[in-house]
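Line by line, the protein sequences give chains R and S. Once you know that position 6 of the first sequence is 71 in my numbering, the rest is easy, because the numbers rise by one and skip nothing. Once you know that position 236 of the second sequence is 481 in my numbering, the rest is easy, because the numbers rise by one and skip nothing. For every residue, glycine included, the Cβ atom is placed at its ideal position computed from N, Cα and C. Given the structure is predicted, the values throughout are model-derived calculations rather than measurements.
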Amino acid sequence: MSRFGIAWLAAPATLVCLGLFAVPLGLLLVESFHGAQGWSLAGYRDFLGSAYAWGVVARTLRLAALTTAICLVIGYPAAFALAWTRGWVQSVLVACVLLPLSLSVIVKAFGWTVLLRANGAVNLALMGLGITSAPLRLLFTEAGLLIGIVNIFLPFMVLPIFASVRQLDPRLPEAAATLGGGPLYCFLRVVLPLTLPGVIAGGTLVFSLAIAAYVIPTLLMGDAYQTLPVMIATSFLYLQDPMRGSVAGVVLLALSILVVVASTWLGRKGEAA
Amino acid sequence: MTATTTRRHLLRASAAGAALLASPAIVRAQTKDLVVGGAAGMAGYMKEFVFPGIEKRLGIKVVFDGTRSLVNLEKMRADRASPRMSVVLMDDPIMQLGWDEGLIAKMTVAAVPNLAKIKPSAVHFDGAWANYQQPWAGVAYNSAAAKGVASYAELWSPANKGKVIVPSLQNTEGLWTLLVASHLETGKPFKDAQYDMDAGFKKLSSLKPNVLTVYTNQPQAENLLESGEAALMAGQFSSYTLIRAAAGAPVGLAAPKEGVFAMPSGICKVKGGPNEAMADAFIDAYLSPEVQSILVEKSFVLPTNTAATIPAGFVVPADPFVPDWSNVNKNRDAWIQKWNQVMG
Chain R
66 MSRFGIAWLA
76 APATLVCLGL
86 FAVPLGLLLV
96 ESFHGAQGWS
106 LAGYRDFLGS
116 AYAWGVVART
126 LRLAALTTAI
136 CLVIGYPAAF
146 ALAWTRGWVQ
156 SVLVACVLLP
166 LSLSVIVKAF
176 GWTVLLRANG
186 AVNLALMGLG
196 ITSAPLRLLF
206 TEAGLLIGIV
216 NIFLPFMVLP
226 IFASVRQLDP
236 RLPEAAATLG
246 GGPLYCFLRV
256 VLPLTLPGVI
266 AGGTLVFSLA
276 IAAYVIPTLL
286 MGDAYQTLPV
296 MIATSFLYLQ
306 DPMRGSVAGV
316 VLLALSILVV
326 VASTWLGRKG
336 EAA
Chain S
246 MTATTTRRHL
256 LRASAAGAAL
266 LASPAIVRAQ
276 TKDLVVGGAA
286 GMAGYMKEFV
296 FPGIEKRLGI
306 KVVFDGTRSL
316 VNLEKMRADR
326 ASPRMSVVLM
336 DDPIMQLGWD
346 EGLIAKMTVA
356 AVPNLAKIKP
366 SAVHFDGAWA
376 NYQQPWAGVA
386 YNSAAAKGVA
396 SYAELWSPAN
406 KGKVIVPSLQ
416 NTEGLWTLLV
426 ASHLETGKPF
436 KDAQYDMDAG
446 FKKLSSLKPN
456 VLTVYTNQPQ
466 AENLLESGEA
476 ALMAGQFSSY
486 TLIRAAAGAP
496 VGLAAPKEGV
506 FAMPSGICKV
516 KGGPNEAMAD
526 AFIDAYLSPE
536 VQSILVEKSF
546 VLPTNTAATI
556 PAGFVVPADP
566 FVPDWSNVNK
576 NRDAWIQKWN
586 QVMG
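Rendered as structure tokens:
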């Protein structure tokens, strides 16, 4: 009884999720089986039989995987700095992570189109430091896209790991060291397992955001870089082919669900160990 | 006390407002409003330089509804039974769709005398719609990086590696790059090359090393050209690039030797639209030498009325090529898909 009583608190959220997510997604699924000639599997047949579509899927997954990996490498140590510093240093670090979130993605992506130019700040810095002798072409390259997208999604990796690290008792690694564990052993057997839930949460968030990113690749790569979200937009807006767009939408959704399920499973496995 | 008065005032005002809304015909008859649909981007110079003169001469008030051609088409479809707009200014490919769907009323020389003075290539389907101006499209260049563009082959030149911007085929101006590619690959004139786009895609694939980006957002691309990040931008038209150049931006628009293209700006009468006589008079004004001379000067377009005057120093490229838009509309979806495969 009391359990049901508590469950009612989720009623508004449930209604919003059903009305604004479940129903439209259901319609999307229906649309993907329904074309001009009535019900058919033609949309899926065309999509799965097209080498081009597979290329788009591979590129989308590659972008999401690279973004997640780079965010993890940069974000994991940053989360420790954030959690274990004190005083004004910590305040500054927290501000560095949170403040960029208040800026629109479009503004940030446009900003990168200026910074990544041949005479932009990034190239001037690289040449000023003597790392390069001539401007590198960064704008409209995958490297430039990764710089921009990692910058924009990094807070979503740092914050969940930060939450895990804060719950980690700093004395635990010390205890492990006292008992004779080397630094690598301590990290792999004590620190990493205890922060794994944060890593999984952050990884899932960043991967889901990157796989569905539309504005950032469009602005930093242009129309020639086709990912699933760009393909969906083109299908609906220009080709007036809702079936093709819906199929691409369902494929994108399936990939995202796969990632969420896999990460939940990984998380449970981590807890059990 | 005050509250009661306010509420009464409010009620009275609401009642008056409701009465006004319930009798739109009276309002329309009194003010002689003519609702004209067009592109949002043209609203500025049309309202400043063109509408006032027409309003004064015809004794009407132009209500300009500025959006995109595709949106105007959607409105015409939705209001088919009782159209709100009388006249619409749209791109030719969208005009074609409107004509095919029976949304456009044919114009006659009796009602629109200036129609007879428009050059034949600018009158479509015997008066279904006419081009009131022809912005011409060539290749835009950064004036610090180039002095001009002699041939479209320069887009492919190794000297321009990573320096060329191309409009997406989703944009109307995207067609010109594909057409040029087909012409260069086959050696056929534009009028024949437009039916051999497979050759165009073949040639286009070799443009890739030079392509900095393919845009759908023109202002962003224009910014890259003006800042020198790009040297050349294909498919650009006079009523955009030359307005920027006149404002002092370091850009120019070249007319390569192979020829330039007509960017299609059409005007039509909505079938069953209100104030038919007024609509005819408005269209006649747009096709008149007086209005077209203003447009030539303010937005760097070619006039279509043979009697329109061209200001001194205005460079007029040879007759711009007008493609077969029905062929374009028929193939556009397949071309866009192929374009994405070739350029992606």
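Legend entry - C-beta atoms of residue 445 of chain S and residue 426 of chain S nearer than 7 Å: Within the second sequence, residue 445 of chain S is the residue found at index 200, counting from 1. Within the second sequence, residue 426 of chain S is the residue found at index 181, counting from 1. It is a contact, given that the beta carbons lie within the stated cut-off.
Inset, instruction - Evaluate residue 299 of chain R with the Cβ neighbour count: other Cβ atoms within 10 Å of its Cβ, from every protein chain shown; 16 or more gives buried, anything less gives exposed. - result: Taking the first residue of the first sequence as 1, we reach residue 299 of chain R at position 234. Classification of residue 299 of chain R: buried, given that the 10 Å Cβ count is 16 or more.
Inset, instruction - Using the DSSP secondary-structure output, state which residues sit across from residue 412 of chain S in a beta bridge. - result: To locate residue 412 of chain S, count along the second sequence from 1; it is residue 167. DSSP, once it has assigned bridges, lists S/460 as partnering residue 412 of chain S.
Legend entry - C-beta contact flag for residue 549 of chain S and residue 349 of chain S at 7 Å: Walking along the second sequence from the start, residue 549 of chain S turns up at place 304. Walking along the second sequence from the start, residue 349 of chain S turns up at place 104. No. Outside cutoff.
Legend entry - residue 312 of chain S, enclosing beta strand (DSSP E) - first and last residue: Against the second sequence, residue 312 of chain S aligns to sequence position 67. That run of the beta strand (DSSP E) goes 306-312.
Legend entry - residue 182 of chain R at chain S interface by Cβ criterion, 7 Å: Taking the first sequence and counting its residues from 1, the one referred to as residue 182 of chain R is at position 117. So, interface residue.
Legend entry - Touching by the beta-carbon criterion (3+ pairs, under 8 Å), the region 379-398 of chain S and the region 434-450 of chain S: no
Legend entry - Cutoff 7 Å: residue 460 of chain S Cβ touching any chain R Cβ: Walking along the second sequence from the start, residue 460 of chain S turns up at place 215. By this cut-off, residue 460 of chain S is an interface position.
Legend entry - Interface flag, residue 277 of chain R vs chain S, CB-CB below 7 Å: For the purposes of this step, residue 277 of chain R is taken as residue 212 along the first sequence, with counting starting at 1. No, residue 277 of chain R lies away from the interface with chain S (no Cβ there is under 7 Å from its Cβ).
Legend entry - Distance, residue 314 of chain R Cα to residue 578 of chain S Cα: Numbered from its first residue, the second sequence carries residue 578 of chain S at position 333. Numbered from its first residue, the first sequence carries residue 314 of chain R at position 249. So the two alpha carbons sit approximately 19 Å from each other.
Legend entry - DSSP bridge partner residues for residue 336 of chain S (one or two, in chain order): Residue 336 of chain S sits at position 91 when you count from the first residue of the second sequence. The partner list for residue 336 of chain S (beta bridge, DSSP) reads S/510.
Inset, instruction - Using a Cβ cut-off of 9 Å, pull out every chain S residue sitting near residue 289 of chain R, in sequence order please. - result: Taking the first residue of the first sequence as position 1, residue 289 of chain R is located at position 224. Those within 9 Å of residue 289 of chain R in chain S are 411, 413, 453, 456, 458, 459, 585, 588 and 589.
Legend entry - chain R contact for residue 407 of chain S (CB, 7 Å cutoff): Stepping through the second sequence from its first residue, residue 407 of chain S is reached at position 162. Chain R, which has a Cβ nearer than 7 Å to the Cβ of residue 407 of chain S, makes this yes.
Legend entry - Proximity to residue 318 of chain S [Cα-Cα], best of S/332, S/308, S/306 and S/307: Locating residue 318 of chain S in the second sequence gives position 73, where the first residue counts as 1. Of the candidates S/332, S/308, S/306 and S/307, the one whose C-alpha sits nearest the C-alpha of residue 318 of chain S is S/332.
Inset, instruction - Name, going along the chain, the residues of the region 228-251 of chain R whose beta-carbon falls closer than 7 Å to a beta-carbon of chain S. - result: none
Inset, instruction - For residue 106 of chain R, return the contacting residues in chain S, with the cut-off set at a CB-CB distance below 9 Å. - result: As a working note, residue 106 of chain R is residue 41 in the first sequence. Going along chain S, no residue has its Cβ under 9 Å from residue 106 of chain R, so there is no contact; the nearest lies around 20 Å.
Legend entry - Chain-ordered residues of the region 200-219 of chain R with a beta carbon less than 7 Å from chain S: 202, 204 and 205
Legend entry - Reference residue 218 of chain R, options R/242, R/162 and R/261, closest by Cα: Walking along the first sequence from the start, residue 218 of chain R turns up at place 153. The residue with the shortest Cα to Cα distance from residue 218 of chain R is R/162.
Inset, instruction - Put residue 578 of chain S into one of helix, strand or coil per three-state DSSP. - result: Against the second sequence, residue 578 of chain S aligns to sequence position 333. Looking at residue 578 of chain S - three-state DSSP - the assignment turns out to be helix.
Legend entry - 7 Å Cβ cutoff met for residue 478 of chain S and residue 410 of chain S: Position 233 of the second sequence, counting from 1, holds the residue named residue 478 of chain S. Position 165 of the second sequence, counting from 1, holds the residue named residue 410 of chain S. Against a cut-off of 7 Å, the Cβ pair of residue 410 of chain S and residue 478 of chain S comes out as a contact.
Legend entry - Residue of S/418, S/541, S/514 and S/281 minimising C-alpha distance to residue 373 of chain S: The residue you call residue 373 of chain S lines up with position 128 of the second sequence. When each option's Cα is compared against that of residue 373 of chain S, the closest is S/514.
Legend entry - Nearest-angstrom beta carbon gap, residue 143 of chain R and residue 272 of chain R [assumed within contact, 8 Å]: If you number the first sequence from 1, residue 272 of chain R lands on position 207. If you number the first sequence from 1, residue 143 of chain R lands on position 78. The pair is not a contact, with the Cβ atoms about 18 Å apart (cut-off 8 Å).
Inset, instruction - Could you work out which residues of chain S lie near residue 304 of chain R, taking near to mean beta carbons separated by less than 8 Å? - result: Translated into positions along the first sequence, residue 304 of chain R becomes position 239. Going along chain S in sequence order, the residues near residue 304 of chain R (Cβ under 8 Å) are 578, 581 and 582.
Inset, instruction - Going by CA-CA distance only, name the one from S/562, S/517 and S/527 that's closest to residue 322 of chain S. - result: Numbered from its first residue, the second sequence carries residue 322 of chain S at position 77. For the residues S/562, S/517 and S/527, the minimum Cα distance to residue 322 of chain S belongs to S/517.
Inset, instruction - Identify, in the order they occur along the chain, each residue of the same chain with its Cβ nearer than 8 Å to the Cβ of residue 270 of chain S, setting aside the five sequence neighbours on each side. - result: Numbered from 1 along the second sequence, position 25 holds the residue referred to as residue 270 of chain S. Low confidence applies to residue 270 of chain S: its pLDDT is 45, below 50, so where it sits in the model is not reliable enough to give any reading.
Legend entry - is_contact[residue 141 of chain R, chain S] using C-beta, thresh 7 Å: The residue you call residue 141 of chain R lines up with position 76 of the first sequence. No, residue 141 of chain R does not count as interfacial toward chain S.
Legend entry - For residue 279 of chain S, the nearest candidate out of S/566, S/587 and S/520 (CA to CA): To locate residue 279 of chain S, count along the second sequence from 1; it is residue 34. Checking every option, the nearest Cα to that of residue 279 of chain S belongs to S/520.
Legend entry - Beta-carbon proximity of residue 366 of chain S to residue 541 of chain S, cut-off 7 Å: Numbered from 1 along the second sequence, position 121 holds the residue referred to as residue 366 of chain S. Numbered from 1 along the second sequence, position 296 holds the residue referred to as residue 541 of chain S. Against a cut-off of 7 Å, the Cβ pair of residue 541 of chain S and residue 366 of chain S comes out as no contact.
Inset, instruction - Please state whether DSSP places residue 537 of chain S in a helix, a strand or coil. - result: For the purposes of this step, residue 537 of chain S is identified with residue 292 of the second sequence, where counting begins at 1. Helix, per DSSP.
Inset, instruction - Would you verify that the beta carbon of residue 421 of chain S is, or is not, closer than 7 Å to some beta carbon of chain R? - result: Taking the first residue of the second sequence as position 1, residue 421 of chain S is located at position 176. Output row for residue 421 of chain S: interface = no.
Inset, instruction - For residue 117 of chain R, decide whether its Cβ has a neighbour in chain S, counting only Cβ atoms nearer than 7 Å. - result: Here residue 117 of chain R refers to the residue found at position 52 of the first sequence. Answer yes: the Cβ-Cβ gap between residue 117 of chain R and chain S drops below 7 Å somewhere.
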